[in-house]
Amino acid sequence: MAFFSLRDVGLAQECAVVLTRSVRPADLLTIPPGFKRGVDFAPKDHPAPAPGLLSLSRLLEPLDLGGGDEDEREAVGQPGGTRGDTVPASPCSAPVARASSLEDLVLKEASTVVSPSEPPKPLPQEQWAIPVDVTSPVGDFYRLIPQPAFQWPFEPDVFQKQAILHLERHDSVFVAAHTSAGKTVVAEYAIALAQKHMTRTIYTSPIKALSNQKFRDFRNTFGDVGLLTGDVQLHPEASCLIMTTEILRSMLYSGSDVIRDLEWVIFDEVHYINDAERGVVWEEVLIMLPDHVSIILLSATVPNALEFADWIGRLKRRQIYVVSTAARPVPLEHYLFTGNSPKTQGELFLLLDSRGAFHTKGYYAAVEAKKERMSKHAQTFGAKQPTHQGGPAQDRGVYLSLLASLRTRAQLPVVVFTFSRGRCDEQASGLTSLDLTTSSEKSEIHLFLQRCLARLRGSDRQLPQVLHMSELLHRGLGVHHSGILPILKEIVEMLFSRGLVKVLFATETFAMGVNMPARTVVFDSMRKHDGNAFRDLLPGEYVQMAGRAGRRGLDPTGTVILLCKGRVPEMVDLHRMMTGKPSQLQSQFRLTYTMILNLLRVDALRVEDMMKRSFSEFPSRKDSKAHEQALAELTKKLGALEEPDLTGQLVDLPEYYSWGEELTETRSLIQRRVMESVNGLKSLSAGRVVVVKTQEHHNALGVILQVSSNSTSRAFTTLVLCDKPVSEDPQERRSASPGVPYPEDLVGFKLFLPEGPCDHTVAKLQPGDVAAITTKVLRVNGEKILEDFSRRQQLKFKKDPPLAAVTAAAQELLRLAQAHPAGPPTLDPVNDLQLKDVSVVEGGLRARKLEELIWGAQCVHSPRFPAQYLKLQERRQLQKEIERLRFLLSDQSLLLLPEYHQRVEVLRTLGYVDEAGTVKLAGRVACAMSSHELLLTELMFDNALSALRPEEIAALLSGLVCQSPGDTGEQLPSTLKQGVERVRAVAKRIGEVQVACGLNQTVEEFVGELNFGLVGVVYEWARGMPFSELAGLSGTPEGLVVRCIQRLAEMCRSLRGAARLVGEPVLGAKMETAATLLRRDIVFAASLYTQ
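Numbering of the sequence shown is given in my numbering, commencing with residue 398 and proceeding in unit increments.
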C-alpha cells in the first residue's frame, strides 16, 4: 500500500476548510476501497469531555499540519467562490488562541473546559433602525453607481450620497438634517429612480402651500408630476404625485389603484407628527402603507430619530437606515441687538458663534448697554423705568436703526419673525419712510404684480389688502401670515425668492418647510402665545426659524438677531433656547370615529391592530418578542414543577395562601391611603414609633427623627433596630426575608427581634416603607442622634460608643418589640385618623374578615405545611408572572382600549354599527366625511338641511370649519338663526350620548368646537356679494375668511357624495349648487405655483 502525507494531497494549513471548499464531499472517499472504516476530514463538533479532562482531538485540530501552497491559502478567503461550495465552519474550527507552546495551549484549553456551563444567552435584540455614519466620505460613490438616475449641477454632500446608495438598494431611509441642508436631493433621486423603474412615487407634505411649491419645483425638474390637494386635482395619472397626507390616508382607506404601482412614499417635514390636531394622520398612513412600498422620511434634526425609525422598521419588518447630520451648510452666528435709534444702531453683541460657543462676554455687554440707556433715561425723565414694548413708535425706532445697520453691512434680505398677525402688519405699516429697492427693481416688481393680479376681477384688484401690499412690495417690504390672501402670500414668496423683497415680516408658518433662505433672521421677541398661554420659544422652534438664515453658496455665515426691546432676557433662558435639544417626536395618536368606521368596514386590519402598531404603544410593544420567549420558558418551567400535596389537613392550603396575599394587598392599600391623607402625614412627626418594612428590614421597629419634604414627596429619617453586622462589608448583610408565614405572622406584625446583640441604623424611608403607624411616641432629640450617627460612619470614629440619647432610644424600641412580639397597638385609620374614604372603611372590614379566616385555617397544623407552602408559593408566583406577560401581549393592555369600547358604544347608540360591529348605512355616510362626521351625518338623517336653500346650508356649515371665534351677529335672517340653534341642538344630543357612554369630553366642550362667527359673511358670499364689500362685514382677516370658504367648499363636495350614497338626489343637487356658489373670484384664484 502506498503511503502519502497530507502535504502530497495538497492540503494547506487550513486543512479542513480548504478540503471542504476545493473538493466536494461527494468526490472525496472517506472509506478507502477494501477498508471497513475510514477518515472524515470535515471538522467535527466533538462532544465536550468531562470536566477536568482534555480533548486531544480538539487541541490538535486547528494546529498547523503542513506548509501548503500560498495560492491555496489565498483561495480560502477569495470572495469569488460560489456560496454553494462553502460549508459553515463549525464552532470547533474557530481559530485557536495564539500560544507560545503546546503546554500553554493545553492549559488554556483546560481552563475553558473546567469553567461551569454558562446560562443560555438571551436572543440578540432585533435592530430595525440602522444609524449610518455620515462622517466617513463615500469615495467609491461613482463606482457603485456608474449611471445615477439623476445628476445635479453640484457635488452631493456625504449624507446625501449615503442616502442615495441606500435608495439604489431599495432600502427605506430616514434623513434628519437642519433646514436648508439639502434633504430635497434625496426626494429628487427617489422620484428619478421611480421614473427609471417605470413605477410611481408619492410625495406628501403637511401644508397645502408647500405641496403647491413642490409641484412647481418638481414639474420643472421631472415634467411628469401631478398634484392632489383638497380642492385641486392636476394630472392624477402622473408617475410622481404630490399630495397632502390626508389625501393619501383616504386613498389607503378606499384601496386606490395608485397604491399598486407605488415604489416610494416620501414624507416631508416628519416632525409635524408632533402636531396635536393632525399628527395622527401620519401614524395612520405609516401603519397602513403596504409592505412593497419603501419609505423616505425627511425631518428636521430630532433627538429620537432612531427610536422613531425603530418603530417604523418593526412595523414594516424591514430595516430603516437613519442618516442624521447636525452640520449646517452655512454656519449661524447669533446676536443680541439693544439699539433703538441711529446713535445706537451699532449695539449688536455676539452671543453664539458659528462654532457653537456661547459668549457670556457678549451677553454682559448687552446688559450693560441697556442699563446705561436706562440710567440716562432716568436722568432725563425722572426715575420711572421705561416699560417693555414701548409701542409702535418705539418699535419703529428699533427697526429703522436695525435695518439701517444691516443695510450698511450688506446683510439684507432679512426675515423678521413676529408671533402675532396684527404686529406683523403694524410693523410693516410703521416703516413708511423706508425704501429699499432701486428703480429697476421697482419696475420688475410692478410688472410681476400686474401679471399676477391680471387674473383677478376688477373689484378684487382694488381690495385694501391688495393695494396696501402692492405699495409695501414696491418699497421692498413684505408681510406673510395666515391673514393674508393666498394669492398675495404666493406673490410675496416668489418676489422674496427672487431677492426683490428685502425685509419680510412673517409669522412662524413661513419657516415651515418653505425653502426660502435669507441672509439674516430677526426675532421680534423670544416669547409666543401657543393657544393656551405665553411661553418662551422651544429650542426646536427657534432652530427651525433661525435655520432660514444663510443662503447656501451666497453667504459665508447666516446671521440671527434677537431684539431686546425691553430688558435683556435671562442668560439661562437664552442658552436653553439656542443650544437646547429640539423636541422629541411624540405620538399624537388618538381614535377618531372615521378611523373606527373605516377599519370596521375592511377585514385586513382591526382597530386593535391599528392601536397596537401606533407609535404611542411602541415603548410597551417593542419587547413583545422577549415577552413571548419568557412566556414560553415560564410555561415550560411551570409544567415541570411538582404539584403540592393538598391531602388531609392541607386541603385548605390554596385558600390560606390566597387569604394571606389578599390581606397583605388590602393592608398596603389602606396604608397608601393613610400616607396620602393629611392626618396620616401629621401623625408622622419626630418621635413617632413606626413599623418599617423594606428590602433590608422586615417588620422592624423604628422611631422617626426628622421629616423632610420637597415638591413631590416626603422622606422620613428614622432610627431602626437591626442585628449587629457580622461582617463590615455592607454587601454581605443579608436582606431580611420572611420565612413561611404562620397566622400570627400574617395577622399581626410579627416584629423583628435581634438574634444576637442589638444594633441600630438610620434609614431614609419613603411613605411606602412605613408598614404601620403605632400609637407610641418617644421623646427623642433627632438632630443630636443624626449628628452622632453620621460622625460614627467616619473611619476614625467607627469604634466610638453611641451617645446616651441613641442608646436610650434603641433600648426603648427593643423593650417595645419584646413587650409586643405581634406588634404594638397601631393607629386605626377610621377612628384615630378620621379617614372616611369608602375604600378604607371597606378595606378595614375585609381585613378583619380575612384575619378570622386565617386564624381558622387547618393547613398550618400539618407537619408538612412549610414544605408544601413553598411549593405552592413558587407555583403561584410563576402563574402570576405568566398572567402578567399574557396581559402585556394581549389587546387588553392597550392604553386606548377603554376609549375604543366607549366610542363603539356611541356608534351603536346612534345606529352607525349594529351589535355584531357591522357598519350600517349611517356609518358608511360618516366615512365619507373628513371632519365632524357624526354631526354632519346626524344633520343629514334628521333632514335638517333638506328644507334650506343652498346658500343657507353653506352659511350654517361654516360653523363647522370656521376657526376664528366670534358672534353670529344680530342681523342674520330668521331661517339662519333657527338653523344655528338646530345645529347646536344636534351637537348637544351627540355630546350627551358621548358622556353617557363614558367619554371624558363634556357636552359644553363638544358644542364649543362650533364657531358661527362667519355665518353672515359666508351667506352674503354665497349670494354673490363681491369680496371687497365682504371684508367690511367682519373683523376677521381676509386670509382666514378665504381659508374658511375653501374648506367649506370641500365639505359641500363630501356631503354631495354622501347624499348620493343615501339616495337623496335633491340634497345632492343643493350641495353641488352650494359648492359652485362658493367657488369663485379671489377666494378660488388658482395657485400661481400651478400655472
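Virtual Cβ for every residue (Gly too), placed ideally from N, Cα, C.
Here the structure is a predicted model, which means the values were calculated and not measured.
Endpoints, the alpha helix (DSSP H) within which G1099 is located: No alpha helix (DSSP H) contains G1099, which is instead part of the beta strand (DSSP E) from 1095 to 1106.
Cutoff 6 Å; reference R1440; Cβ partners in own chain excluding five residues on either side: none
Whole-angstrom distance between T904 and S817, CA atom to CA atom: 7 Å
Of the listed residues E523, Q559, A526, nearest to D537 (C-alpha basis): When only C-alpha atoms are compared, the closest one is Q559.
Contact under 7 Å by Cβ, A915 with Q941: no
For L695 and V583, believed in contact at Cβ under 8 Å, the rounded distance: 7 Å
Range of the contiguous alpha helix (DSSP H) that encloses W708: 702 to 713
Beta-bridge pairing of Y600 - partner residues as DSSP gives them: Its beta-bridge partners are I639, I663.
Check whether A801 and V965 have beta carbons under 7 Å apart: Remark: C-beta atoms of A801 and V965 do not approach each other more closely than 7 Å.
Reduced DSSP secondary structure (H/G/I, E/B, other) of Y1139: coil
Where V1310 falls, given that 16 or more other Cβ within 10 Å makes a residue buried: buried
Three-way DSSP call (helix, strand, coil) for F986 in this model: coil
Cβ neighbour criterion (16 or more within 10 Å) applied to A697: Within a 10 Å sphere around the beta-carbon of A697 sit 16 or more other beta-carbons, which makes this residue buried.
Cβ-based neighbour list, E1014, same chain, cut-off 7 Å, excluding 5 preceding and 5 following: M1008, L1291, L1292
With 16 other Cβ atoms within 10 Å as the buried cut-off, status of L564: buried
Through-space distance from L1035 to A1029, alpha-carbon basis: 10 Å
Nearest to L1162 (by Cα), restricted to the options K1173, L1213, V1087, P936: For L1162, the closest of K1173, L1213, V1087, P936 by C-alpha to C-alpha distance is V1087.
Contacts around R1283, its chain only, beta-carbon distance under 8 Å, and the 5 residues preceding and following it disregarded: L1028
Extent of the continuous beta strand (DSSP E) to which I561 belongs: Unbroken run through I561 is the alpha helix (DSSP H), 555 to 565; no beta strand (DSSP E).
Ordered list of beta strand (DSSP E) runs contained in the stretch 1366 to 1412, each at least 3 residues: none
Minimum length 4: unbroken alpha helix (DSSP H) runs contained in the stretch 922 to 983: Within the stretch 922 to 983, the complete alpha helix (DSSP H) runs of at least 4 residues are 936 to 943, 968 to 976.
At least 3 beta-carbon pairs within less than 8 Å: the stretch 1457 to 1472 vs the stretch 1338 to 1346: yes
Beta-carbon proximity of I339 to I693, cut-off 7 Å: Limits of the chain in this structure are 398 at one end and 1488 at the other, which puts residue 339 out of reach.
Backbone CA spacing between L956 and D832 [nearest angstrom]: A quick correction: the sequence has Thr, not Leu, at residue 956. C-alpha separation (whole angstroms): 22 Å.
Segment contact flag, the stretch 1094 to 1101 with the stretch 1142 to 1151, C-beta cutoff 8 Å, min 3 pairs: Yes, the stretch 1094 to 1101 is in contact with the stretch 1142 to 1151.
Beta-carbon gap between M968 and Y939 smaller than 7 Å: no
Given S798 as reference, the closest of I842, A851, K839, F734 once Cα atoms are compared: F734
Exposed unless 16 or more other CB atoms sit within 10 angstroms - verdict on S1055: exposed
Spatial distance of R597 from S826 (CA atoms): 47 Å
Where the beta strand (DSSP E) through F920 begins and ends: 917 to 920
Nearest-angstrom Cα separation, counted from L1318 out to L1354: 22 Å
Status (buried if at least 16 other CB within 10 Å, exposed otherwise) for K1194: Going by the sequence as given, residue 1194 is Phe instead of Lys. When all chains shown are included, F1194 counts as exposed.
Inter-residue Cα distance where the pair is V900 and G950: 21 Å
Contact set for D1120: own chain, Cβ-Cβ below 7 Å, skip 5 residues either direction: P1151, E1152, G1153, D1156
Beta-carbon gap between A591 and E634 smaller than 7 Å: Going by C-beta atoms, A591 is not nearer than 7 Å to E634.
CB contact flag (G875, G1436, <7 Å): no
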